[in-house]
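Undergrad: Let me give you the structure first, and then I'll get to my questions.
Numbering (this note's numbering), first residue to last: 100 to 835.
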C-alpha cells in the first residue's frame, strides 16, 4: 500500500508538466477546419495534426498520465528541458501577434467554446490518441483530486489560415520542437516499432480521401506516416474495388440448393464403370486443364451435383496433384434465371469470379483492374463504376498470366443455360479463361444447342444417364423406409416392391420428377391407400416433367384451388415483371412474412401487423408453408434468404430461416411450365375476374414497409396510406 501511495505522490510531482502538456495539445484545437478553403489548406491542417499526433505518441510512450511513468522524468534537468520545449510550442501557438504577422493566420469570426473533451472538428490522425489522452487525464484528476484551477488553460481563440506559405513556416517550427522532444527522451528505439505505432494512428482513418491528404501532408517530412499511409491507401483502394465487385445476392443461389441426399453422387469422384461410361472426372481433376462439361436434363440434379463436388474434400485432394507445388483456389458461380440481374447476367458472372479471385489475391487488383485503380488513386471521388466487359476480360487475362506465380484456379460455373442473353457470350468468357494451363473449369447446363456445339469433343458426363443408382437409393430411403411401406411389404411384398421399381423406371434420370412422384405416394400413405390405390397413383404418373406438374395441380383439393391459383399467379407475375427491363431490379421475390400477414390480416387490421412478436411471425410463416403445400401441389415453397432483415435478438436459427424466407417456385422448370401456351386456361389455375396480381403485389409491399417500420410516426404514415389503398383495393378485388 505504501508503494502505491509513493507512486501517486510521484505522479503528483508531475502535475505541472501534465498541465503544460495539456495546455499545449488544447492549443491545436484553436485552428479552424480549412476544408472550405481548398485542398492545399486541408493539407496544412493535416500537417499540424501530425505534429499533434507525435506529441500524443510521446506522452503515451513516457506514460505521462500514469503512475508507472517513465522515471527519466524524475531527472530535474530532463524535466526542465521538456517544460522548456512545451513552453516554446505553447508560445508558437498562442502568440496572437506572431500568429497574425509571421504565420499567416487571422481571427475567425465564428467563436466556439470548445475543450479537449469535445470531438475534434475534423478528425484525422490524432483523433483516437486525443480521446485516450482525455480519458486518462480524467482518471488522473480523480486519483489526485485535482482542481481545474491548478492547471492553466490557454485563451480560447479561433484561427483561420490566411497565408499558406507563412503557415507552412509555423508547422515546420512546431515540427522542430516535437522532434527535439523525442530526441530528449527517445521513444521507440526501432524503426519497426515506430512504424507499428504509426500504423495504429493511420488505421483509424477509414476515408480514402483523408488518407490521401495525410499522404500529401507527410511525404518528404514524416516518413513513418507517409509509408504507413501509402500502405493503408493501397488497402483502402483494394477494399473499395472488392466492395464494388460484391453484390448482395452473390451466394443466394448456392444457399437455396438443397444438399445432396445421403450417399448419392459418390460415383462422380470415382473411376467410371463399364455399364454407363463417362469421361473420368476424378482423373480430369488430377491431371487436365480446360473445361469439363456436366450436361443434364431439366431437374436431373446438376446444381446439386455441382454444389456437392465443390464442397467435397476429395475434390480438393484430387486437385492437389494437378496443382503440384502451388496452391489451388476453388471458385464458383451459379447462374439463376429466376434471380436478380447479377445472378443471370454476364456482368454478374464476371463480378462474382473477380471478387472471389481477387479477395484471396489482393496484390493482383491494381494490375488486373488498372482503370478502376487509377481512378481511385488519382481523383478525389471514392465512387467508381463497375468494370466493363472489356475491362473484366483484361482482368481475367492478367489473372491467368499471373496464376503460374500465385495459384491455380478451379472454377465451377453452374447453369449456363440460365444465362440471360446470348449464351455464346457467356461461353466465350469461359473458353477464354480455360485456355490457360493454370485454370480449369467445370461447367454445367442443360444440353442446349449452343453448349452442345461449343463443348463438342470436351470431357463430359450426361447426368440423367448416371443417376439411376442415386434415384434408387432415394426412393428406397424415402418410400422403402416409411413405416406404412413396411406394412405393405409384410402383406404384399411383390406388389409393394413393384411400386418403387416402377417409380424408378419412369424417372428417366430426372431427380425432380422422382421427388414429386414420392410426394404423391407419401400423400397416399397419409391417406392409408390400399396397394391397388397406390398402384393407380403410380400408373397415372406421367413420364414428362411438364405433365407431372399438371397432375400435381389437378390433384389440389377443389376447395383450395382458388387460393392456390392466386399464390401461383402472384409468384409468376413477380417473375414476369422482373423480366421487364424497366422494372425495379430489386423487386423480384415475395417475402414469406409479407404474404403470411396479408393472408391473415386485412387492411383494416394492419395495426396488428406492426405489433407482431417474433414468435407470432414464425407461426404465421409455418402456417403459410403448410398452405402452400396443400394449395399449390408442392410447386411453391419457402426458401431461406440470406439477409436477416427481420431477425431479432433471441431468435433461434430455425426462426431466423423461416421468417426471413421468400416464396419461390420449387424449380426453374415450374416457371417455364407456367409460361407455356394455354397453361393458365387450366381449370385449377383460374382466379376470380376481379383479381389483379399487380394490385396484390403492391399491397404486399405495404405490409413489408409496415413490418420494417421503426417508429410510431412511420407507422401512422403507413396506416394512413393503407386506409386509402384498402378502399381502392376493395373496390377492385372485392377483398379488404
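We treat Cβ as the ideally placed atom computed from N, Cα and C, and that holds for glycine. Source: prediction; values computed, not measured.
Should residue 251 go down as buried or exposed, given a rule of 16 or more other Cβ atoms within 10 Å for buried?
TA: Per-residue confidence for residue 251 stands at a pLDDT of 49, beneath the threshold of 50, marking its modelled position as unreliable; the derived number appears in the next sentence. Classification for residue 251: exposed.
Undergrad: Skipping 5 residues on each side, what residues in its chain have a beta carbon closer than 6 Å to that of residue 788?
TA: Excluding positions up to five away in sequence, the list is empty.
Undergrad: Give the straight-line distance between the Cα atoms of residue 323 and residue 272, rounded to the nearest whole angstrom.
TA: The alpha-carbon atoms of residue 323 and residue 272 are separated by roughly 19 Å.
Undergrad: Could you name the residues that DSSP lists as bridge partners for residue 206?
TA: Answer is 258.
Undergrad: Report all residues from its chain with a CB closer than 7 Å to the CB of residue 490; omit the five preceding and five following residues, and keep chain order.
TA: Closer than 7 Å at Cβ, skipping near neighbours: 468 and 470.
Undergrad: Would you report the Cα separation of residue 236 and residue 184, rounded to the nearest angstrom?
TA: Approximately 21 Å, taken between the alpha carbons.
Undergrad: Return the Cβ separation of residue 570 and residue 613 in integer angstroms, given the expectation that the two are a contact with Cβ distance under 8 Å.
TA: Yes, they are in contact, since the Cβ atoms of residue 570 and residue 613 sit about 5 Å apart, within 8 Å.
Undergrad: Using 7 Å as the threshold, is the C-beta distance between residue 203 and residue 146 below it?
TA: No; because the gap between Cβ atoms is not below 7 Å, this pair is not in contact.
Undergrad: Quick check on residue 348: does DSSP put it in helix, strand or coil?
TA: Residue state, collapsed to three classes: coil.
Undergrad: Taking DSSP as the reference, what is the three-state secondary structure of residue 183?
TA: Looking at residue 183 - three-state DSSP - the assignment turns out to be helix.
Undergrad: Reducing DSSP to helix, strand and coil, say where residue 783 ends up.
TA: If DSSP states are grouped into helix, strand and coil, residue 783 belongs with the helices.
Undergrad: Straight-line CA distance for residue 564 to residue 627?
TA: Approximately 34 Å, taken between the alpha carbons.
Undergrad: If I measure Cβ to Cβ from residue 502 and keep anything under 8 Å in the same chain, skipping five residues before and after, which residues do I get?
TA: Hits under 8 Å: 508, 535, 537 and 538.
Undergrad: Spatial neighbours of residue 587 within its chain, please: CB distance less than 7 Å, with the 5 preceding and 5 following residues excluded, ordered by chain position.
TA: Excluding sequence neighbours, residue 587 sits near 595 and 630.
Undergrad: Residue 528 lies in the beta strand (DSSP E); which residues open and close that run?
TA: Taken as a continuous stretch (DSSP letters only), residue 528 belongs to no beta strand (DSSP E), being part of the alpha helix (DSSP H) at 522-533.
Undergrad: Taking 7 Å as the cut-off, decide whether the C-beta atoms of residue 352 and residue 438 are in contact.
TA: Cβ distance < 7 Å, so residue 352 and residue 438 count as in contact.
Undergrad: Just confirm the distance between the C-beta atoms of residue 518 and residue 450, as a whole number of angstroms; I'd bet it's less than 8 Å.
TA: Actually they are not in contact, since the Cβ atoms of residue 518 and residue 450 sit about 14 Å apart, beyond 8 Å.
Undergrad: Are the beta-carbon atoms belonging to residue 461 and residue 337 less than 7 Å from one another?
TA: In this structure, residue 337 lies closer than 7 Å to residue 461 by Cβ.
Undergrad: Find the nearest neighbour of residue 423 within the set 573, 354, 662 and 506, judged by alpha-carbon distance.
TA: For the residues 573, 354, 662 and 506, the minimum Cα distance to residue 423 belongs to 506.
Undergrad: Looking only at its own chain, which residues have a Cβ that is under 6 Å from the Cβ of residue 377, when we skip the five neighbours before and after it?
TA: Contacts found: 371 and 560.
Undergrad: Can you name the start and end residues of the alpha helix (DSSP H) that residue 513 belongs to?
TA: Where residue 513 is concerned, there is no enclosing alpha helix (DSSP H), although the beta strand (DSSP E) it sits in stretches over 506-513.
Undergrad: Is there contact here, the segment 406-413 with the segment 307-321, by at least three beta-carbon pairs under 8 Å?
TA: In short, these stretches do not touch, since the Cβ pair count stays below three.
Undergrad: Using the Cβ count rule (16 or more neighbours within 10 Å means buried), how would you classify residue 678?
TA: Label assigned to residue 678: exposed.
Undergrad: Check for me: the alpha helix (DSSP H) holding residue 769 runs from which residue to which?
TA: Unbroken alpha helix (DSSP H) run through residue 769: 767-773.
Undergrad: Looking at C-beta atoms only, is the number of pairs between the segment 325-337 and the segment 439-446 that lie closer than 8 Å three or more?
TA: Too few Cβ pairs lie closer than 8 Å, so no.
Undergrad: If I'm right that residue 119 touches residue 182 with Cβ under 8 Å, what's the distance once you round it to whole angstroms?
TA: 6 Å between Cβ atoms; contact.
Undergrad: Based on DSSP bridge pairs, tell me the residues matched to residue 433.
TA: BP columns for residue 433 point to 513.
Undergrad: Comparing C-alpha positions only, which one of 149, 193, 740 and 665 sits nearest to residue 325?
TA: Ranking 149, 193, 740 and 665 by Cα distance to residue 325 puts 149 first.
Undergrad: Which one of 175, 620 and 457 has the shortest CA to CA distance from residue 115?
TA: Looking at the Cα atoms, 175 is the closest of the given residues.
Undergrad: Buried or exposed: residue 229, going by 16 or more other Cβ atoms within 10 Å of its Cβ?
TA: Buried, since its Cβ has 16 or more Cβ neighbours within 10 Å.
Undergrad: Give the secondary structure of residue 764 by DSSP, where H, G and I count as helix, E and B as strand, and everything else as coil.
TA: Reduced to three states, the DSSP call for residue 764 is strand.
Undergrad: Do the segment 645-660 and the segment 774-786 touch if we need at least three Cβ pairs shorter than 8 Å?
TA: Segments in contact, yes.
Undergrad: Classify residue 539 as helix, strand or coil using the three-state DSSP reduction.
TA: Here residue 539 sits in strand by DSSP.
Undergrad: Taking only the alpha-carbon atoms, compute the straight-line gap between residue 583 and residue 724 and give it to the nearest angstrom.
TA: Looking at the two C-alpha atoms, the distance is approximately 25 Å.
Undergrad: With H, G and I counted as helix, E and B as strand and the rest as coil, what does DSSP make of residue 735?
TA: If DSSP states are grouped into helix, strand and coil, residue 735 belongs with the strands.
Undergrad: Span of the alpha helix (DSSP H) holding residue 391?
TA: Counting along the chain, residue 391 falls outside any alpha helix (DSSP H), though it belongs to the beta strand (DSSP E) covering 389-394.
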